[in-house]
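Scroll down for the structure; my scribbles are underneath it.
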Amino acid sequence: MKNLIFILLIAFGLFLALFFYRKYALAESELTLANQRILDRDRIIYNNEKRMEALKNETTGKANTPAIGTGTSGLATLSPEELNSLREKGLADPEANLRNDLISKQEILLPKGSLSGTMAIREVRIVNDHYALAYYEDGHNGGHLLLRFTVEPDKRITWKVLDRYQ
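Counting with the working numbering, you get residues 6 to 171 for the letters of the sequence shown.
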């Protein structure tokens, strides 16, 4: 009888340890996701401040410096050559076509959601005529994908996940 009570006590203690460890892991992943959102918002605010400063400099006649991430050499901005290359492969509106195709195929590219959530791509950035970045989440967990895409002669787009960061 004493052994049974002792075993039950140990089992209950292990259950509690696993339960609280799982809660801790979930809280940590939610914190990481919240921190990423804050960093994204800070980046947007910083870029907007740079644009405002550039506009103020334009109106006062000072030399202006372009905001980070804008212009033809910025990240996630296709150059005219890349746009022409993708149009020659049959995409009328390359950025929209690629985004829509990726979102339509997200079920096969994304991991399973947690806590009955469904992973969904929230943001897509076409980096150049071969690569794209995507942010996905299910409301609890999220991550980023680095993808390579190929436009086939029949205008079919194939995607390959090169890296995933959660």
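Think of the CB as a built atom: it goes at the ideal place given N, C-alpha and C, for glycine as much as any other residue. Fair warning: this is a prediction, and the values are worked out from it, not measured in the lab.
Fully enclosed alpha helix (DSSP H) runs of no fewer than 4 residues are not present anywhere in the segment 119-161.
With fewer than 16 other Cβ atoms from the protein chains shown falling within 10 Å of its own Cβ, residue 167 counts as exposed.
By the Cβ neighbour-count rule, residue 99 is buried, with 16 or more other Cβ atoms within 10 Å of its own. Closest in alpha carbon position to residue 97, among 161, 12, 15, 14, is 161. The beta-carbon separation of residue 165 and residue 152, rounded to 7 Å, stays under the 8 Å limit for a contact. In the three-state reduction of the DSSP assignment, residue 98 falls in the coil class. Scanning its chain for C-beta atoms nearer than 6 Å, with the 5 sequence neighbours on each side dropped, one finds no residue around residue 92. Cβ contact annotation for residue 155 (same chain, cutoff 6 Å, sequence separation greater than five): 163, in chain order. Only exposed fits residue 157, as fewer than 16 other CB atoms lie within 10 angstroms of its CB. Between residue 124 and residue 143, the C-beta gap is smaller than 8 Å, which places the two residues in contact. A straight line joining the alpha-carbon of residue 110 with that of residue 127 spans about 13 Å.
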